[in-house]
Every structure is written in structure tokens, then in C-alpha cells.
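Heads up: the sequence shown at position 44 corresponds to 53 in my numbering, and the numbers run straight through without jumps.
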Amino acid sequence: MQPTLSLGLALASGYFICGAVANSGFAASCNSFSFGRDGTSWEMVANCAYPDGTYNVATVINLGKCITNAGGTMYAQVNGGFGASCPSASLSGTVITASCGNGAGGYVTSSLDLNTFVGNQNGILCCFGICGGP
10 MQPTLSLGLA LASGYFICGA VANSGFAASC NSFSFGRDGT SWEMVANCAY PDGTYNVATV
70 INLGKCITNA GGTMYAQVNG GFGASCPSAS LSGTVITASC GNGAGGYVTS SLDLNTFVGN
130 QNGILCCFGI CGGP
């Protein structure tokens, strides 16, 4: 029984120490999603509800703060900076699909559901505790 407890404590400690706590579920309180490139960064814009039910129009988040590219596959990761190695991408609903460099001269297409790690925090889009702007 003690090894299970120790493993549980280690996992819990690592979870909080690494800052891996993700926001999620932005689609439940945001609408009018759009997506585009700003230099080497991909950004998502949405209208998101404040706690009082009014909306913050056009909150924006740099998705490079939320996603990394590893071998051509996108993963949710704080400050991942995927934009520099993923030159083409699109957004369909909450799913981003991108063509990303695989490190060997080729490109791989992968998809990732932003709703699993991007959230609405008081009308602002956030991931991993990093929030975008109004």
C-alpha cells in the first residue's frame, strides 16, 4: 500500500511543480472562433463570456504558448513555440490541424483539440495559466 501512496504523491508533486495544470473547455463559454498567423505565431481569437454573462469581444491567445511540435506531431505544452516549425495550419471548430516539420526534412500533418487545454478565465483565453489579451 505504501508504494502506491508514494507514487501518488510523486505524481501529484510533479504535476504541480511542473506547472502542468491546464485550462480547458473554452468552447462552452466562447464563440466566433477565428485563427490566423502573426509572424511565426499562430493565434486564436474568440468572444468569451465574463462571469456576469457579458462578452469580451476578440480575446486573443498566441497558441505558441500552448503547443509544441515534436517530430511533426503537435502536443499541448506550455511555451511550446510550435509556430516556427508548423508553417501551415487551419482551425475547424476547436481542432487545429497543422503541417509540421519532422526534423528530418519532411512534414507531418497532425491535429489537436484546443478545447482540452485552452480555457476561458474571466473572459480571456488561457492555457497552462498563461492568458492572452483582451
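Cβ coordinates follow ideal geometry from the N, Cα and C atoms, glycine included.
Can you check which of these residues, Asn-124, Gly-138, Cys-75 and Cys-135, is closest to Ser-101 by C-alpha distance?
Against the sequence shown, residue 101 aligns to sequence position 92. Closest by alpha carbon: Asn-124.
For the candidate residues Asn-40, Met-53 and Ala-79, whose alpha-carbon lies nearest to that of Ala-113? One-based indexing of the sequence shown puts residue 113 at position 104. Nearest in C-alpha terms to Ala-113, of all of Asn-40, Met-53 and Ala-79, is Ala-79.
Quiz item: What's the gap between the Cα of Ser-120 and the Cα of Tyr-64?
Solution: The sequence position of residue 120 within the sequence shown is 111, counting from 1. The sequence position of residue 64 within the sequence shown is 55, counting from 1. If you take the alpha carbons of Ser-120 and Tyr-64, they lie about 28 Å apart.
Is the separation between the beta-carbon of Ala-58 and that of Phe-42 shorter than 8 Å?
Taking the first residue of the sequence shown as position 1, residue 58 is located at position 49. Taking the first residue of the sequence shown as position 1, residue 42 is located at position 33. A distance of 8 Å or more separates the beta carbons of Ala-58 and Phe-42.
Quiz prompt | Complete beta strand (DSSP E) runs within the stretch 87-143 (minimum length 3 residues, chain order) | solution = With a minimum length of 3 residues, the unbroken runs of beta strand (DSSP E) contained wholly in the stretch 87-143 fall at 97-101, 104-110, 116-122, 127-130 and 133-136.
| query | Just curious, the beta strand (DSSP E) that Ile-32 is in, first and last residue? | reply | Residue 32 sits at position 23 when you count from the first residue of the sequence shown. Looking at the sequence provided, one finds Asn at residue 32 rather than Ile. If you look at Asn-32, you'll find it isn't in any beta strand (DSSP E); DSSP assigns it neither H nor E.
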